[in-house]
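Below: the structure, in structure tokens.
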Amino acid sequence: MSGKTQVRLIDENGLRHDGRRFDELRPIRMQVGVLANATGSALVEYGKTKVLAAVYGPREPFQKYMVLPDRAILRVRYHMAPFSTTERKNPAPSRREIELSKVIREALEDIVLLAEYPRTVIDIFIEVLQADGGTRVAGVTAASLALADAGIPMKGLVAGVAVGKINGVLVLDLDEVEDSMGEADMPIAGAPDLGLITLFQLNGVLTEEEVEKGLSMAWSAIEKIVSMEKEVLRSKFEAVGEEA
Amino acid sequence: MARELHGSIVVPGERLGSKVEGKHPYTLDMGGVKVATVIGLLSRRDDKNVFINLKGVYMPEVGHIVIGLVESIAITSWQVDINSPYQAVLPAHDFLGRPFNPATDDLSRYLKPGDYIKAKIVLFDKTRNPVLSVQGDGLGRIVSGFIVDVSPSKIPRVIGRKRSMVNMIEEKTGCTLFPAVNGRVHIECPNRELEMIVIMALKLIEAEAHTVGLTERVAKFIEEERARRGV
Chain A
1 MSGKTQVRLI DENGLRHDGR RFDELRPIRM QVGVLANATG SALVEYGKTK VLAAVYGPRE
61 PFQKYMVLPD RAILRVRYHM APFSTTERKN PAPSRREIEL SKVIREALED IVLLAEYPRT
121 VIDIFIEVLQ ADGGTRVAGV TAASLALADA GIPMKGLVAG VAVGKINGVL VLDLDEVEDS
181 MGEADMPIAG APDLGLITLF QLNGVLTEEE VEKGLSMAWS AIEKIVSMEK EVLRSKFEAV
241 GEEA
Chain B
245 MARELHGSIV VPGERLGSKV EGKHPYTLDM GGVKVATVIG LLSRRDDKNV FINLKGVYMP
305 EVGHIVIGLV ESIAITSWQV DINSPYQAVL PAHDFLGRPF NPATDDLSRY LKPGDYIKAK
365 IVLFDKTRNP VLSVQGDGLG RIVSGFIVDV SPSKIPRVIG RKRSMVNMIE EKTGCTLFPA
425 VNGRVHIECP NRELEMIVIM ALKLIEAEAH TVGLTERVAK FIEEERARRG V
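Residue numbers (this note's numbering), protein chains in the order written: chain A, 1 to 244; chain B, 245 to 475.
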């Protein structure tokens with residue numbers, strides 16, 4: 001038995017199974033500076049998806065042979081906690097996790113000013129605490145916030161969101177049910193301040209028009225998420241003395 | 245109520261305008277417009293728009309006096325953590341002030357892991373690790389007092405304009421403070437209670453570095469703490 005029940009993904013009113021419109025994000029929550037031992041950290045929630053990111057460095061790596069003479073190395077580890085899914089997830093890094101670590105690294109590499117810290121390494125640990133779809137894009141958002149919290153110079157903030165297709169309709173920010181039962185999933189990340197798309201993947205089949213429309217939906221959502229990131233970072237400093 | 249700020253908080257990627265003064269790499273010139281690369285404060289000082297970074301990593305510079313933590317002993321030098329991405333090296337001949345023979349001299353007799361030193365950076369570029377020297381006034385092993393870690397970007401606020409903050413804390417507590425650019429402050433106090441008050445004052449400065457009226461608030465805090473503790 002798969003454990004999954006048949007869910008109506010879109011009802012007669014055009015609402016999704018959780019009551020959202022097709023272009024509506026899940027409730028997003030962000031927090032920075034959640035880990036005292038990390039140089040920078042962030043906790044990001046996209047609905048029930050919860051992702052923690054911790055940044056360490058720039059620092060000299062233990063394996064000195066791996067350093068680059070002209071820039072820092074960005075190391076990203078995306079990992080799903082064994083308790084993040086309904087059935088226990090094997091804690092060993094899977095093929096999927098290794099691939100996602102690579103694409104998240106590539107989504108951030110062009111944004112961080114790595115040339116300022118040659119011969120060093122910047123480590124980003126992304127731990128998925130609870131998975132309900134969109135973990136890689138929530139991971140990119142969390143990593144971007146954690147980098148800003150760590151004070152590592154970057155050209156702009158990055159955020160990610162997924163667009164998918166269910167019952168022939170393009171929808172924003174898929175959750176686990178929509179992701180597993182839908183027809184396509186297109187995770188996108190970008191830096192609106194720079195006009196850069198830094199991650200673009202597609203699982204499934206979409207027409208050229210659907211890709212264009214999906215990209216436009218994702219971009220508006222990314223702009224919204226980046227403004228939330230800015231607000232969270234700002235409020236940490238603006239709120240000083242509020243408790244007094 | 246939230247404190248009044250010295251300017252507006254800016255986050256990475258935000259445009260600062262074309263005529264803004266700011267340190268590299270915390271501002272970036274993108275097509276003639278300066279952009280913030282870290283969280284900072286955009287404020288107006290002496291008729292100029294200035295960007296002050298509130299976050300950042302300490303980068304060594306030749307001539308800086310730093311407080312280092314001895315991490316390990318090599319054959320002819322000590323490896324020293326100076327709170328930067330690069331580990332510093334203190335050559336044994338520099339510390340001893342004489343020629344050094346690793347076959348006869350035991351370096352652990354002079355400096356052990358865990359010891360703090362005050363040293364000057366005499367050599368550094370990004371291709372090689374910083375080299376330290378303790379030849380100079382007030383440099384060498386720190387034998388008494390306490391070291392407090394503060395974010396390196398907040399050290400200018402710990403010092404204050406024309407040392408106003410340091411002077412005020414020293415006057416009000418009778419302690420001596422040495423804030424090093426790498427984010428470590430060496431404090432020496434007449435007693436443990438005063439030491440605790442100075443540590444708390446430094447943490448207050450670190451948390452509220454970007455707010456208006458900080459010197460007065462820290463002075464009031466020290467007075468209240470002294471009265472409360474009866475010292």
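Just so it is clear, CB atoms sit at the ideal spot from N, CA and C, and this is done for glycine as well.
{"Asked": "Below 7 Å between beta carbons: does that hold for B:E450 and B:K398?", "Found": "yes"}
{"Asked": "For B:N297, does the count of other Cβ atoms within 10 angstroms reach 16, so buried, or fall short, so exposed?", "Found": "buried"}
{"Asked": "Under 9 Å between beta-carbons, which chain B residues line up against A:E60? List them in chain order, please.", "Found": "P329, Y330, Q331, N373"}
{"Asked": "Along the stretch 36 to 56 of chain A, where does the CB come closer than 7 Å to a CB of chain B? Name the residues.", "Found": "none"}
{"Asked": "Run through the stretch 310 to 334 of chain B for me and flag every whole beta strand (DSSP E) of 3 or more residues, listed as ranges in chain order.", "Found": "321 to 325"}
{"Asked": "Measure from the C-beta of B:I319 to each C-beta in chain A and report whether the shortest distance is under 7 Å.", "Found": "no"}
{"Asked": "Would you mind reading off the limits of the alpha helix (DSSP H) that contains A:E212?", "Found": "208 to 238"}
{"Asked": "Look up A:P61 in the DSSP assignment and say whether it is helix, strand or coil.", "Found": "coil"}
{"Asked": "Compare the Cα-Cα distances from B:L260 to each of B:R436, B:E248, B:D273 and report the closest residue.", "Found": "B:D273"}
{"Asked": "When DSSP labels each residue in this structure, what does B:G341 get in the three-state scheme?", "Found": "coil"}
{"Asked": "Given 8 Å as the limit, is there contact between the stretch 162 to 174 of chain A and the stretch 206 to 220 of chain A, that is, 3 or more CB pairs closer than that?", "Found": "yes"}
{"Asked": "Looking at A:K224 and A:L194, is the spacing between their C-beta atoms short of 7 Å?", "Found": "no"}
{"Asked": "Using a C-beta cutoff of 7 Å, does A:Y117 count as contacting chain B?", "Found": "yes"}
{"Asked": "Cβ atoms of B:Y302 and B:P396: under 7 Å apart, would you say?", "Found": "yes"}
{"Asked": "Kindly list the residues whose CB is nearer than 8 Å to the CB of B:P343, restricted to its own chain and excluding five residues on each side of it in sequence; keep chain order.", "Found": "H337"}
{"Asked": "Applying a beta-carbon distance threshold of less than 7 Å, which residues of chain A neighbour B:K447?", "Found": "Residues of chain A passing the Cβ test: none, with the nearest at roughly 13 Å."}
{"Asked": "Does the CB of A:A245 have a neighbour CB from chain B at under 7 Å?", "Found": "Within the shown structure, residues of chain A are numbered from 1 to 244, placing residue 245 of chain A beyond reach of any answer."}
{"Asked": "Consider the Cβ of B:R247: report whether some Cβ of chain A lies at a distance smaller than 7 Å.", "Found": "yes"}
{"Asked": "Would you mind sorting B:H268 into buried or exposed? The rule is 16 or more other CB atoms within 10 Å of its CB.", "Found": "exposed"}
{"Asked": "If we define contact as Cβ-Cβ less than 7 Å, is B:V277 a contact residue for chain A?", "Found": "no"}
{"Asked": "Count the other CB atoms, across all protein chains shown, that sit within 10 Å of the CB of A:S227; report buried if there are 16 or more and exposed otherwise.", "Found": "exposed"}
{"Asked": "Taking 7 Å as the CB-CB cut-off, is A:G3 touching chain B?", "Found": "Note on A:G3: pLDDT 47, under 50, position unreliable in the model; no value is reported."}
{"Asked": "For the putative contact between B:H454 and B:H250, defined by C-beta atoms under 8 Å, what is the C-beta separation to the nearest angstrom?", "Found": "6 Å"}
{"Asked": "Using three-state DSSP, classify A:M186 as helix, strand or coil.", "Found": "strand"}
{"Asked": "Please list the partners that A:L233 has in chain B, where partner means a Cβ-to-Cβ separation under 7 Å.", "Found": "V255, I283"}
{"Asked": "Can you tell me whether A:A244 is buried or exposed, with buried defined as 16 or more other CB within 10 angstroms of its CB?", "Found": "Reliability fails at A:A244, whose pLDDT of 38 lies under 50, so the model's placement of it is uncertain and the value that follows must be treated cautiously. A:A244 comes out exposed."}
{"Asked": "If distances are taken between C-alpha atoms only, which option among B:R473, B:R288, B:R289, B:S321 comes closest to B:R436?", "Found": "B:R473"}
{"Asked": "State yes or no: is the C-beta of B:T281 within less than 7 Å of the C-beta of A:P153?", "Found": "yes"}
{"Asked": "Kindly provide the ranges of any beta strand (DSSP E) runs that are 3 or more residues long and lie completely inside the stretch 381 to 441 of chain B, ordered along the chain.", "Found": "390 to 393, 420 to 424, 428 to 432"}
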